[in-house]
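Trainee: Chains as they are written, first to last, in my numbering: chain A, 17 to 299; chain B, 17 to 299; chain C, 17 to 299; chain D, 17 to 299.
Protein chains: 4
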Amino acid sequence: MTAACLLITCPDRSGIVAAVASFLHAEGCNIVDADQHTDGAAGIFFQRIVFEHPELESRATSIEEAFGDIAGTYDMDWCCAWPGNRPRLAILVSGYDHCLVDLLLRQKSGELDCDIPLVISNHDDLKPIADQFSIPFHTLPVSSTNREEQEEAIQALLMQHHITLVVLARYMQVLSPALVSEWSNRIINIHHSFLPAFAGGHPYQQALDRGVKQVGATAHYVTADLDDGPIIEQDTIRCSHRDTLEDLIRKGRDIERSVLSRAVRLDLQNRILVYANKAVVFH
Amino acid sequence: MTAACLLITCPDRSGIVAAVASFLHAEGCNIVDADQHTDGAAGIFFQRIVFEHPELESRATSIEEAFGDIAGTYDMDWCCAWPGNRPRLAILVSGYDHCLVDLLLRQKSGELDCDIPLVISNHDDLKPIADQFSIPFHTLPVSSTNREEQEEAIQALLMQHHITLVVLARYMQVLSPALVSEWSNRIINIHHSFLPAFAGGHPYQQALDRGVKQVGATAHYVTADLDDGPIIEQDTIRCSHRDTLEDLIRKGRDIERSVLSRAVRLDLQNRILVYANKAVVFH
Amino acid sequence: MTAACLLITCPDRSGIVAAVASFLHAEGCNIVDADQHTDGAAGIFFQRIVFEHPELESRATSIEEAFGDIAGTYDMDWCCAWPGNRPRLAILVSGYDHCLVDLLLRQKSGELDCDIPLVISNHDDLKPIADQFSIPFHTLPVSSTNREEQEEAIQALLMQHHITLVVLARYMQVLSPALVSEWSNRIINIHHSFLPAFAGGHPYQQALDRGVKQVGATAHYVTADLDDGPIIEQDTIRCSHRDTLEDLIRKGRDIERSVLSRAVRLDLQNRILVYANKAVVFH
Amino acid sequence: MTAACLLITCPDRSGIVAAVASFLHAEGCNIVDADQHTDGAAGIFFQRIVFEHPELESRATSIEEAFGDIAGTYDMDWCCAWPGNRPRLAILVSGYDHCLVDLLLRQKSGELDCDIPLVISNHDDLKPIADQFSIPFHTLPVSSTNREEQEEAIQALLMQHHITLVVLARYMQVLSPALVSEWSNRIINIHHSFLPAFAGGHPYQQALDRGVKQVGATAHYVTADLDDGPIIEQDTIRCSHRDTLEDLIRKGRDIERSVLSRAVRLDLQNRILVYANKAVVFH
C-alpha cells in the first residue's frame with residue numbers, strides 16, 4: 017500500500033494533533049508516520065503525517081476537500097503529496113560534474129524517488145554525462161547581453177516539463193529575483209562552504225587563506241539574497257595545513273555531492289517546512 | 017507548564033494514533049511532542065507522547081485510570097512519567113573516574129534531570145570525587161567469597177534510596193543474572209568498544225592488536241548475556257598506527273563519557289523503548 | 017619537477033634518519049616530504065620519503081644501486097616508486113555498481129593517479145558502466161566446477177596487463193589462498209561492516225538484528241583469512257531503529273565507496289607499510 | 017629516556033633535512049619522530065624533530081650553541097623544548113566552568129603535560145572548582161575604570177609565576193593589543209562558533225537565527241583582531257530545528273571543551289608553528 021504525506025503549518029494552539037488524527041481516522045486512513053514541532057517563541061506549529069488508505073488515489077480529492085474545513089478552523093498552510101504525483105526534477109549545471117553524476121546515479125538506483133526529464137546548462141561540457149543516463153540536455157548559453165532571454169528559456173523549459181523542483185548542481189550563474197520569487201522554496205542550491213562562512217564566489221580560496229581546519233558544504237533553498245536562503249543540510253570535513261587549494265576542492269567535492277543529494281532526498285520525501293528563512297527538517 | 021510523557025508499545029493496527037490523540041484531547045491535555053515508529057516485520061507499534069495539562073499533577077491518577085480502557089482495547093504495554101516523580105540515579109564505579117565525573121558535572125549543570133542520591137563502588141578510590149559533589153559514597157568491597165552478600169548490599173541500597181535507574185560508569189564487576197533480571201532495562205552500562213566488536217575485558221588491547229582505524233564506545237542496557245544487551249548509543253573516534261595502548265585509552269575516555277551521558281539523558285527523558293533485544297530511541 | 021617515493025622498513029636503531037637523509041643529499045636529491053614511525057614494542061622503524069632530483073628518471077637505477085649499501089647496513093626492506101612507473105589497477109566486481117562507478121569517476125577526475133586497463137567480473141551486469149568509461153570489461157563466469165580455471169584466467173589477465181594493484185569493488189567471490197598469496201598486500205577489498213564486527217556474508221542483516229546505532233565499512237588488504245587482513249581505512253555512519261535493511265544498504269553504499277576510494281588512493285601514493293597484519297598508513 | 021623537541025621555520029631550499037639530521041646524528045642524538053611541511057607558494061619550510069640523547073639535559077646548552085651555526089646558514093627561526101622545562105599554564109575564566117573543569121581534569125590525569133600554578137578570573141564564581149583541584153585562584157575584578165590596572169595585575173601574575181602559555185577558557189573580557197602583542201602566539205582562546213562564521217559575542221543566538229544545521233567551536237591564538245587569530249583546531253556538531261538556544265549552548269559546551277583541550281595539548285607538545293596568520297599543526 018502506498019502512502020500520502022500531509023504537511024501542516026499553523027498558529028500553535030491546543031487540539032490540533034487530535035483534530036487531524038481524528039479526521040484521518042474518520043476518513044478511513046491509517047497514520048503510519050508522524051512528526052511534529054512547535055516553535056514556542058514564534059507560536060507556530062508544524063506537522064508531517066504519512067497515512068495510508070486502501071483506495072488512496074481515488075479518495076484524494078474528497079479527502080482534500082474535507083480537510084479544508086479543519087484547515088480553515090486552525091488557519092493552516094498545508095499541502096498533501098499523493099503517490100500518483102511523482103516529483104519532477106530539473107538539474108541546472110555549468111562545468112563541474114560531480115554533483116550531477118551523483119544525483120543521476122542516485123535517481124537511477126532508486127534513492128531519489130522522482131523523474132528527471134531534463135538537464136539544463138549554460139555550457140555543453142556535461143552533455144556526455146546526461147547522454148550516458150539518456151536524459152535530454154539543453155544548452156542555454158548566457159552572456160551579458162542575453163541574460164533575460166536565457167532565463168525566459170529556462171523558465172519555459174521548466175513549465176513545459178512540469179518541473180516541481182529545480183536543483184542547482186554547481187550552476188555558476190545567479191538567478192534573477194523574479195525567477196527565484198516564482199520558484200520560492202522550490203530551488204535547491206549547493207554552496208561549497210559552511211555558510212554563513214565564506215559566502216560568495218571563491219570559498220575554498222578563502223578557507224585556505226583563513227587557515228581553517230574544516231571545510232564544509234551547505235544545501236539551501238534559493239532566495240533573492242545570494243547564499244542566504246533557508247539551510248536544509250550542512251556537513252564539514254577535516255583539512256590541514258597540508259591541503260592545497262586543489263586538495264580542498266577535491267575533499268569538498270565529496271561533501272558537496274553528499275550534502276546536495278541528502279537535501280534533494282529530504283525535499284522529495286516532503287520532509288521540509290520553511291518559515292522565517294529557516295527550514296524545519298523532519299528526519 | 018510542565019509536561020508528562022506517555023510511552024506505548026502495542027501490536028500494530030489502524031486507529032491507534034487517533035484513539036490516543038482524541039483521548040488526550042478529551043481529557044484537556046495538549047500534545048506538545050509526539051514521535052512514533054512501526055516495526056513492520058514484527059508488527060509492533062511504538063509511540064512517545066509529551067503532553068501538558070493546566071492541572072497536570074492533580075489529574076495524573078484519573079488520566080491513568082481512564083487511559084486503562086484504551087490500553088486494554090489495543091493491548092498496550094505503557095507507562096507514563098509524571099513531572100512530580102523525578103528519576104533517581106545510582107552510579108556504580110570501580111577505579112576509573114572519567115565517566116563518574118562527567119555524569120556528576122552534567123547533573124549539576126542541569127543536563128541530566130535527576131537526583132543522584134548515592135555512588136557505590138567496590139573500592140574507595142573515587143570517594144574524593146563524590147565528596148566534591150557532596151554525594152554519599154558507599155564502598156562495598158567484593159571478593160571471591162562475598163560476591164552474593166555484596167550484591168545483596170547493593171540491592172538494599174538501591175531499594176532504600178528508591179533508585180529508578182542504575183548506571184555502571186566503568187564498574188568492573190559482573191552483576192548476577194538475578195540482579196540483572198530484577199532491574200531489567202533499568203541498568204545502563206558503558207562498554208569501551210564499538211560492540212559487537214571487542215566484547216569482553218580488554219577491548220583497547222584487542223583494537224591495537226587488530227590494527228583498527230577507529231575505536232568506539234557503546235552504551236547498552238545490561239542483560240544476563242555480557243555485553244549483549246540492547247544498544248542505546250554508540251560512537252567512534254579515529255585512531256592510527258601512532259596510537260599506543262595508552263593513546264587508545266585516552267581517546268576512548270572521551271567517547272566513553274559522552275556516549276554514556278547521552279544514553280543516560282535519553283533514558284531520563286523517557287525516549288527509549290526496548291523490544292527484541294533492541295532499543296527504539298526517539299531522538 | 018616530479019618526485020620519487022622511498023618506503024623503508026627495518027629494525028629500529030640510532031642513525032637511520034641521518035644516514036638516509038645524508039645519502040639522498042649527497043646524490044643531489046631534495047627531500048620534499050618525510051614521515052616516520054617507530055613501533056617501540058616490536059622494535060621496527062618505518063619511513064616514507066618523497067624526494068626530487070632535476071634528472072630523476074635517468075638517475076633512478078644509479079640511486080637504487082647506491083642505496084643498496086645503506087639498505088644492507090641497516091637490514092632494510094625497501095622499495096622506491098619512480099614517476100615513470102604509473103600504477104596499473106584491475107578492478108574486480110560482481111553485481112553492485114557503486115564502488116566501481118566511484119573508482120572510475122575518481123580516476124577520470126585525476127584523484128586516483130593510475131591506469132585502469134581492465135575490469136573483471138563473474139557477471140556481465142556492469143559491462144555498460146565500463147563501456148561508458150571506455151574500459152575493457154572481461155566476463156569470467158564462475159561455478160562450482162570451474163573455480164580453478166576462472167582464477168587462472170583472472171591471473172592471466174592480471175599478468176598480461178602488468179597489473180600492480182587489484183581492487184575488489186564488492187566482488188562476491190572468495191579468492192583462493194594461492195592467488196592471495198601471490199598478490200600479497202596488492203589486493204584491496206571493501207567489506208561492508210566495521211570489522212571485526214560482522215565479518216562474513218550478511219553484515220547489514222547482522223547489524224539490523226543486533227540493533228547497532230552505527231554501521232561501517234572497512235578497506236583491507238586481502239589475506240588467506242577472510243575479512244582478517246591488514247586494515248587500511250574504516251568509517252562509520254549513524255543509523256537508527258527507523259532504518260530498514262534497505263536503508264542500511266543505502267547508507268552503507270556511501271561509506272563503502274568513500275572508504276574504498278580513500279584506501280586505493282593511499283596505496284597509489286605509496287603511503288602504506290604492512291607488518292604484523294597491521295597497516296602503517298602515512299596520511 | 018626523555019626527548020627534546022626542535023621546531024624550525026626557514027626559507028625553503030635543498031639540503032635542510034639532511035643538514036639537520038646529520039647534525040643531530042653527529043651530536044649523538046637519535047631522531048625518534050620527525051614531521052615536515054613546505055608551503056610551496058610562500059617558499060617556507062617547517063620541521064618538527066623529536067630526538068633523544070643519553071645525557072640530554074646536560075648537553076642542552078652545547079647542542080643549542082652548535083646548532084646556531086646551521087640555523088645561521090639556513091636563516092632559521094627555531095626553538096628547542098628540553099624536558100626539564102615543563103610548560104606552565106595560566107587559565108583565565110569568567111563565569112562558565114566547563115572548559116576550566118575539563119582542562120584541570122586532563123592535567124590531573126596526565127593528558128596535559130604541564131603545571132597549572134594559577135587560575136585568574138574577573139569573578140570569584142569558579143573559585144570552588146580551583147579549590148577542588150588545589151590550584152590558587154586569583155580574582156581580579158574589571159570595570160570600565162580599572163581595565164588597565166587589571167591587565168597590569170594579570171601581567172604581573174603571569175610573570176611572577178613564570179607562565180609560558182595563557183589559556184582563555186571562556187574568559188569574557190577583551191585583552192588589550194599591548195598584552196596580546198607581548199604574548200604573541202602564547203595565548204589560546206576558545207571561540208564558541210565555527211569561525212569565521214559568527215564571530216563576536218553571541219554566536220549561538222546567531223546560529224539559531226540563521227538556522228544552521230551544525231554548530232562549531234574554534235581554538236585559536238589571540239591576536240589584536242578579535243576572533244581573527246591563527247586557527248589551531250575546530251570541530252562541529254549537528255543541530256536541528258528542535259534545538260533551542262539552551263540546547264545549542266549545551267551541545268556547544270561539549271565541543272568547546274574538547275576543541276580547547278586538544279589545542280592546548282598540541283601547543284604543549286610543541287606541534288604548532290605559526291606563519292601568515294595560519295597554524296601549521298603537526299598531528
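We treat Cβ as the ideally placed atom computed from N, Cα and C, and that holds for glycine.
For clarity, every value in this text was computed on a predicted model and none was experimentally measured.
Cβ closer than 8 Å: which chain D residues qualify as neighbours of residue 46 of chain C?
Mentor: By one-based count along the third sequence, residue 46 of chain C stands at place 30. Annotation: Cβ neighbours of residue 46 of chain C in chain D (cutoff 8 Å, chain order): 30, 31.
Trainee: With residue 275 of chain C as the anchor, note down where its alpha helix (DSSP H) starts and where it stops.
Mentor: On the third sequence, residue 275 of chain C is found 259 positions in, with the first residue counted as 1. From DSSP, the alpha helix (DSSP H) with residue 275 of chain C extends over 261-284.
Trainee: Give the interface partners of residue 213 of chain A over in chain D, defined as CB-CB distance under 8 Å, in chain order.
Mentor: Working through the first sequence from its first residue, we reach residue 213 of chain A at position 197. Near residue 213 of chain A (Cβ distances below 8 Å), the residues of chain D are 210, 211, 212, 213.
Trainee: Taking the continuous beta strand (DSSP E) assigned at residue 28 of chain A, which residues delimit it?
Mentor: Stepping through the first sequence from its first residue, residue 28 of chain A is reached at position 12. Per DSSP, residue 28 of chain A belongs to no beta strand (DSSP E) and is neither H nor E.
Trainee: Between residue 35 of chain D and residue 90 of chain D, is the Cβ-Cβ spacing less than 8 Å?
Mentor: Numbered from 1 along the fourth sequence, position 19 holds the residue referred to as residue 35 of chain D. Numbered from 1 along the fourth sequence, position 74 holds the residue referred to as residue 90 of chain D. Going by C-beta atoms, residue 35 of chain D is nearer than 8 Å to residue 90 of chain D.
Trainee: Give me the Cβ distance between residue 205 of chain B and residue 238 of chain B, rounded to the nearest whole Å; I'm assuming they're in contact under 8 Å.
Mentor: The sequence position of residue 205 of chain B within the second sequence is 189, counting from 1. The sequence position of residue 238 of chain B within the second sequence is 222, counting from 1. At roughly 5 Å, the Cβ-Cβ gap stays under 8 Å, so residue 205 of chain B and residue 238 of chain B are in contact.
Trainee: From the DSSP output, read off the bridge partner residues of residue 199 of chain D.
Mentor: Here residue 199 of chain D is taken as the residue at index 183 of the fourth sequence, counted from 1. DSSP lists no partner for residue 199 of chain D.
Trainee: Tell me which same chain residues have a C-beta within less than 7 Å of the C-beta of residue 192 of chain D, skipping the five on either side of it?
Mentor: Indexing the fourth sequence from 1 puts residue 192 of chain D at position 176. Contacts found: 167.
Trainee: Quick one: what's got a C-beta closer than 6 Å to residue 45 of chain D's C-beta in the same chain, skipping five residues either side?
Mentor: The count along the fourth sequence starts at 1 and reaches residue 45 of chain D at position 29. Only residues of its own chain outside the window of five on either side were considered, and among them 67, 69 have a CB closer than 6 Å to the CB of residue 45 of chain D, listed in chain order.
Trainee: Go to residue 225 of chain D, then tell me how far its beta strand (DSSP E) extends in each direction, as first and last residue.
Mentor: Residue 225 of chain D sits at position 209 when you count from the first residue of the fourth sequence. Residue 225 of chain D: not part of any beta strand (DSSP E); member of the alpha helix (DSSP H) spanning 219-226, first to last residue.
Trainee: Looking at chain C, which residues of the stretch 129-153 of chain A have a Cβ within less than 7 Å of any of its Cβ atoms?
Mentor: 148
Trainee: Is it right to say residue 146 of chain A is buried, meaning 16 or more other beta carbons lie within 10 angstroms of its own, or is it exposed?
Mentor: Along the first sequence, read from residue 1 onward, the residue named residue 146 of chain A stands at position 130. Under this definition residue 146 of chain A is a buried residue.
Trainee: Do we get a CB-CB distance below 8 Å when we pair residue 12 of chain C with the residues of chain D?
Mentor: Shown here, chain C extends from 17 to 299; a query on residue 12 of chain C therefore has no answer.
Trainee: Verify the CB distance criterion: does residue 229 of chain C have a CB-CB separation below 8 Å to chain B?
Mentor: The sequence position of residue 229 of chain C within the third sequence is 213, counting from 1. So yes, residue 229 of chain C belongs to the interface.
Trainee: Give the single residue among B:20, B:196, B:43 whose Cα lies nearest to the Cα of residue 236 of chain B.
Mentor: Indexing the second sequence from 1 puts residue 236 of chain B at position 220. Out of B:20, B:196, B:43, B:196 has the C-alpha closest to the C-alpha of residue 236 of chain B.
Trainee: Examine the Cβ distances between the stretch 222-233 of chain B and the stretch 252-268 of chain B and report whether three or more of them are shorter than 8 Å.
Mentor: yes
Trainee: Based on the DSSP secondary-structure assignment, which residues constitute the bridge partners of residue 52 of chain A?
Mentor: Against the first sequence, residue 52 of chain A aligns to sequence position 36. Its beta-bridge partners are A:63.
Trainee: In the DSSP output, what is residue 155 of chain C paired with across the bridge?
Mentor: Taking the third sequence and counting its residues from 1, one reaches residue 155 of chain C at position 139. In the DSSP output, where bridge partners are listed per residue, residue 155 of chain C has C:137.
Trainee: Which whole-angstrom value is the C-beta distance of residue 295 of chain D and residue 248 of chain D, which I expect to be below 8 Å?
Mentor: Taking the first residue of the fourth sequence as 1, we reach residue 295 of chain D at position 279. Taking the first residue of the fourth sequence as 1, we reach residue 248 of chain D at position 232. Their Cβ separation, rounded to whole angstroms, is 5 Å, which keeps residue 295 of chain D and residue 248 of chain D in contact under 8 Å.
Trainee: For residue 103 of chain D versus residue 20 of chain D, is the C-beta distance shorter than 8 Å?
Mentor: Numbered from 1 along the fourth sequence, position 87 holds the residue referred to as residue 103 of chain D. Numbered from 1 along the fourth sequence, position 4 holds the residue referred to as residue 20 of chain D. The answer is no: Cβ separation not under 8 Å.
Trainee: From C:83, C:64, C:170, C:213, pick the residue whose C-alpha is nearest to that of residue 109 of chain C; which is it?
Mentor: Your numbering for residue 109 of chain C matches position 93 in the third sequence. Between residue 109 of chain C and the set C:83, C:64, C:170, C:213, the nearest pair of CA atoms involves C:170.
Trainee: Less than 6 Å between C-beta atoms, sequence neighbours within five positions excluded: which residues of the same chain meet that for residue 184 of chain A?
Mentor: On the first sequence, residue 184 of chain A is found 168 positions in, with the first residue counted as 1. Correct list, in chain order: 108, 205.
Trainee: If we define contact as Cβ-Cβ less than 8 Å, is residue 178 of chain D a contact residue for chain C?
Mentor: Residue 178 of chain D sits at position 162 when you count from the first residue of the fourth sequence. Chain C, which has no Cβ nearer than 8 Å to the Cβ of residue 178 of chain D, makes this no.
Trainee: Quick check on the DSSP output: the beta strand (DSSP E) that includes residue 250 of chain C runs from which residue to which?
Mentor: The residue labelled residue 250 of chain C in the question sits at position 234 within the third sequence. It spans 247-254 - the beta strand (DSSP E) in which residue 250 of chain C sits, taken as one unbroken run.
Trainee: Indicate whether at least one CB of chain B lies closer than 8 Å to the CB of residue 274 of chain D.
Mentor: Walking along the fourth sequence from the start, residue 274 of chain D turns up at place 258. Residue contact with chain B for residue 274 of chain D: present (Cβ-Cβ distance below 8 Å to some residue of chain B).
Trainee: By how many angstroms is the C-alpha of residue 203 of chain C removed from the C-alpha of residue 182 of chain C?
Mentor: Within the third sequence, residue 182 of chain C is the residue found at index 166, counting from 1. Within the third sequence, residue 203 of chain C is the residue found at index 187, counting from 1. Their backbone Cα atoms lie some 5 Å apart in a straight line.
Trainee: What's the gap between the Cα of residue 307 of chain C and the Cα of residue 216 of chain B?
Mentor: Chain C is shown from 17 up to 299; residue 307 of chain C falls before or after that span and cannot be answered.
Trainee: Below 9 Å on C-beta distance, what does residue 40 of chain D contact in chain C?
Mentor: Here the question's residue 40 of chain D lines up with position 24 in the fourth sequence. Going along chain C in sequence order, the residues near residue 40 of chain D (Cβ under 9 Å) are 33, 34.
Trainee: Give me the chain D residues within the contact set of residue 117 of chain B, using Cβ-Cβ distance strictly less than 9 Å, ordered along the chain.
Mentor: Stepping through the second sequence from its first residue, residue 117 of chain B is reached at position 101. Those within 9 Å of residue 117 of chain B in chain D are 117, 121.
Trainee: Taking residue 49 of chain C as the query, report the chain D residues whose CB atoms sit under 9 Å from its CB, ordered along the chain.
Mentor: For the purposes of this step, residue 49 of chain C is taken as residue 33 along the third sequence, with counting starting at 1. By Cβ distance, chain D contributes 52, 53, 54.
Trainee: Give the single residue among B:128, B:40, B:30, B:271 whose Cα lies nearest to the Cα of residue 49 of chain A.
Mentor: Sequence index remark: in the first sequence, residue 49 of chain A carries index 33 (1-based). Residue 49 of chain A has its Cα closest to that of B:30, out of B:128, B:40, B:30, B:271.
Trainee: Under the three-state reduction of DSSP, which class applies to residue 131 of chain D: helix, strand or coil?
Mentor: Stepping through the fourth sequence from its first residue, residue 131 of chain D is reached at position 115. Correct three-state label for residue 131 of chain D: strand.
Trainee: Taking CB distances under 8 Å as the criterion, tell me whether residue 37 of chain D reaches chain C.
Mentor: One-based indexing of the fourth sequence puts residue 37 of chain D at position 21. Taking CB atoms only, residue 37 of chain D has a neighbour in chain C less than 8 Å away.
Trainee: Counting only beta-carbon atoms, is residue 171 of chain A nearer than 8 Å to chain D?
Mentor: Position 155 of the first sequence holds residue 171 of chain A. Not one chain D Cβ lies under 8 Å of residue 171 of chain A.
Trainee: Let me confirm a value: residue 308 of chain A is counted as buried when at least 16 other C-beta atoms fall within 10 Å, else exposed. Which label applies?
Mentor: Since the first residue of chain A shown is 17 and the last is 299, residue 308 of chain A is not available in this structure.
Trainee: For residue 73 of chain B, which residues from the same chain have a beta carbon less than 6 Å from its beta carbon, with the 5 sequence-adjacent residues on both sides left out?
Mentor: What you label residue 73 of chain B is simply residue 57 of the second sequence in a count that begins at 1. Around residue 73 of chain B: 100.
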